[in-house]
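Anchor point for the sequence shown: position 92 equals 149 in the numbering used here, and the numbering is continuous, going up by one each time.
Data first, discussion second: the structure below is written as structure tokens.
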Amino acid sequence: MTGRADGPTLLLAHGFGCDQNLWRLVTPILAERFRLVLFDYVGSGQSDMTAWRPERYASLDGYAEDVLEICRQLDLRDVVFVGHSVSAMVGVLAAIAEPTRFAKLILVTPSPRYIDDGDYRGGFSPADIDELLESLESNYLGWSAAMAPVIMGNPDRPELGEELQNAFCRTDPAIARVFARATFLADNRTDLPKVPVPTLAIECAQDVIAPREVGQYVRDHIPGCQLVTLAATGHCPQLSAPRETADAIASFAAS
């Protein structure tokens with residue numbers, strides 16, 4: 058926990074294959090106005106790996122329960138939950154389960170479903186996801202090296218892709234396989250209309266993982282949801298455009 062003890066509480070949740078370190082460029086900016094709670098999901102970062110169970114973390118509900126356990130343990134209420142990538146839907150599930158804990162949701166590059174389905178465009182065909190998961194499961198380190206620059210975008214700043222790759226490579230491959238299936242096979246579209254708190258979705262102008270159609274879908278299906286489009290590229294604007302990301306988070310959290 059860091060930042061202003063008397064400020065509104067932001068709970069920052071990282072995405073697949075990452076840990077809380079990927080927030081490091083936005084936390085100094087946000088800490089001036091907010092109390093920040095950062096954590097690693099069980100199976101990620103510096104978490105207790107012995108607590109990880111494949112049956113619990115085979116769906117996003119297990120990660121939502123991690124979030125709720127943190128809120129209970131720290132007695133957090135009126136929390137502004139900030140979830141990156143898959144954690145956006147984790148926050149949706151947590152807020153639906155215990156709405157009194159949360160004041161607002163901020164969903165950074167969210168996607169309720171990565172697979173195209175009829176008129177819905179998630180950005181990937183079923184065959185794309187099958188290939189992605191097969192590659193990840195057969196050669197995780199090779200998958201990390203190939204996918205990290207694609208996810209990050211910004212080919213003119215290769216150090217960003219390398220940082221994401223290093224984060225992936227710190228993750229146990231067996232844990233990554235389970236988290237990947239929970240992430241890329243999830244379908245949380247029917248959960249969006251149930252969101253009980255004010256919500257902001259933050260998308261990037263170019264993002265191959267969560268294209269613009271996905272941001273518009275989230276905005277249109279969460280009641281009263283606002284959508285901010287950053288003039289940024291890639292799926293991790295907290296690294297590629299930290300000032301713009303922090304400003305969007307702070308403006309909505311403080312409003």
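Backbone N, C-alpha and C fix where the C-beta goes; we use that ideal spot for every residue, glycine too.
Assignment of G140 by DSSP, reduced to helix, strand and coil, places it in the strand class. Burial check for E89: the Cβ neighbour count within 10 Å stays below 16, so the residue is exposed.
The C-beta separation of L93 from M58 comes to about 7 Å, placing the pair in contact by the 8 Å criterion. Excluding residues up to 5 positions away in sequence, C226 lie with their Cβ nearer than 7 Å to the Cβ of L198 in the same chain. Here A298 has L287 and A289 as same chain residues with Cβ atoms under 7 Å from its own Cβ, once five neighbours each way along the sequence are excluded. G272 is the residue among V136, G272, P280 and S308 whose C-alpha sits nearest the C-alpha of H292.
Cβ atoms of A70 and S116 stay farther apart than 8 Å, at about 16 Å. Between C75 and A224, the C-beta spacing is below 8 Å.
For P253, the closest C-alpha among the options M209, I266, R158 and D304 is that of R158. Within the stretch 86-164, the beta strand (DSSP E) runs of at least 3 residues that lie entirely inside it are, in chain order, 92-95 and 136-141. Secondary structure in the stretch 205-267: the beta strand (DSSP E) runs of 3 residues or longer, each lying completely within the stretch, are 256-263 in chain order.
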